[in-house]
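This report refers to the structure that appears directly beneath it.
Structure (structure tokens):
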């Protein structure tokens, strides 16, 4: 299951795995748009760079197109 958070570094809303975010020991996270490909460290988000969970009332103009494309 995914959760939406605003990433301050690139000013976009991305989808992240909820289970990873709930792991307090984890310090870096990969957005959904990078999970199926090789990721350079510049695409890792630190916990301090992420907002709290965003709901459906988020600014959808900031949504990452890759994270929010139609799912199979």
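Residue numbers (this note's numbering): 66 to 137. Glycine included, every Cβ here is placed at the ideal spot set by N, Cα and C. Note that this is a predicted model, so its numbers are computed, not measured.
Measuring only the C-alpha atoms, how far is residue i from residue j?
{"i": "residue 122", "j": "residue 99", "result": "24 Å"}
{"i": "residue 114", "j": "residue 101", "result": "22 Å"}
{"i": "residue 125", "j": "residue 73", "result": "15 Å"}
{"i": "residue 75", "j": "residue 117", "result": "16 Å"}
{"i": "residue 85", "j": "residue 93", "result": "9 Å"}
So is residue i buried or exposed if we call it buried at 16+ other beta carbons inside 10 Å?
{"i": "residue 111", "result": "exposed"}
{"i": "residue 71", "result": "buried"}
{"i": "residue 91", "result": "exposed"}
{"i": "residue 134", "result": "exposed"}
{"i": "residue 130", "result": "exposed"}
For residue i, which residues from the same chain have a beta carbon less than 7 Å from its beta carbon, with the 5 sequence-adjacent residues on both sides left out?
{"i": "residue 132", "result": "79, 80, 96, 97, 98"}
{"i": "residue 83", "result": "66, 67, 68"}
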